[in-house]
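Residue numbers (my numbering): 103 to 334. See below for the structure under consideration.
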């Protein structure tokens with residue numbers, strides 16, 4: 103495990119020449135991709151990273167997680183590096199790909215783009231800021247998950263979700279698989295279409311009747327798509 107402000111870890115299973123790095127979403131852990139990694143370990147080394155096993159000692163941003171993963175990858179010899187990122191993990195994967203630190207990229211219901219907000223969203227933000235400035239009660243604002251976070255993780259979360267990568271994805275030239283649940287409400291299908299349009303060497307697969315966790319809701323399909331993509 104790496105030291106410093108991080109209390110997070112990684113493990114590697116399998117003995118292949120190629121390395122698949124699995125990056126989970128916010129609130130996930132080793133278990134997020136464990137079954138898929140086990141299924142692929144007959145042919146590949148699979149690195150499972152757990153970002154949030156313990157709370158960091160100080161507020162972090164997306165660059166901290168990017169540098170952490172980069173260091174993890176540097177410790178494993180591989181002929182090819184494939185990064186698979188779900189949701190928050192996709193943000194880190196985008197940074198790795200844009201900086202030519204992997205050979206292939208898989209974005210699964212990935213975050214990273216600036217969402218199109220409606221008038222209700224901006225009204226809620228304005229009301230929140232106004233009430234906070236006036237010292238009024240703001241406990242009813244924010245998602246349930248956000249409310250349960252510690253002050254360090256709340257600011258870390260804010261730093262992450264306010265980091266937009268719309269321009270960064272245009273730097274990606276490596277083969278990219280975009281795997282998406284058609285019913286995703288967290289990172290809508292418009293995100294997938296934008297990724298597909300802006301990343302030139304990309305392919306989009308949309309899975310019917312699946313949401314934000316499409317890789318778990320269509321596990322066998324995801325496994326087959328991933329194995330085919332990694333083997334090319």
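All C-beta atoms in this analysis are idealised placements derived from N, C-alpha and C, irrespective of residue type, glycine included.
Rounded Cβ spacing between residue i and residue j (contact assumed at less than 8 Å)
i	j	result
residue 188	residue 134	7 Å
residue 149	residue 123	5 Å
Counted within 10 angstroms of its Cβ, other Cβ atoms place residue i as buried (16 or more) or exposed
i	result
residue 396	Since the first residue shown for the chain is 103 and the last is 334, residue 396 is missing from the structure and cannot be characterised.
residue 275	exposed
residue 250	exposed
residue 208	buried
residue 167	buried
residue 158	buried
Bounding residues of the beta strand (DSSP E) (the contiguous stretch that carries residue i)
i	result
residue 188	182 to 188
residue 280	278 to 283
residue 152	147 to 152
residue 210	206 to 210
residue 111	111 to 115
Contacting residues, own chain, Cβ-Cβ under 6 Å from residue i (five flanking each side not counted)
i	result
residue 105	Per-residue confidence for residue 105 stands at a pLDDT of 41, beneath the threshold of 50, marking its modelled position as unreliable; the derived number appears in the next sentence. Closer than 6 Å at the Cβ level, and outside the excluded window around residue 105, lies no residue.
residue 332	184
residue 266	216
residue 286	211, 313 and 314
Contact set for residue i: own chain, Cβ-Cβ below 7 Å, skip 5 residues either direction
i	result
residue 118	145, 146 and 147
residue 303	275, 276, 277 and 278
Range of the contiguous alpha helix (DSSP H) that encloses residue i
i	result
residue 330	321 to 333
residue 142	136 to 142
Near the ligand ADP: residue i beta-carbon under 8 Å from a heavy atom
i	result
residue 294	No copy of the ligand ADP occurs in the structure displayed, which carries no ligand at all.
Sequence-distant residues of its chain with Cβ nearer than 8 Å to residue i (five each side left out)
i	result
residue 284	291, 308, 309, 310, 311 and 312
Handout entry: Completely contained alpha helix (DSSP H) runs for the stretch 259 to 313, where each covers 4 or more residues
Key = If we require 4 residues or more, the alpha helix (DSSP H) runs fully inside the stretch 259 to 313 come out as 291 to 300.
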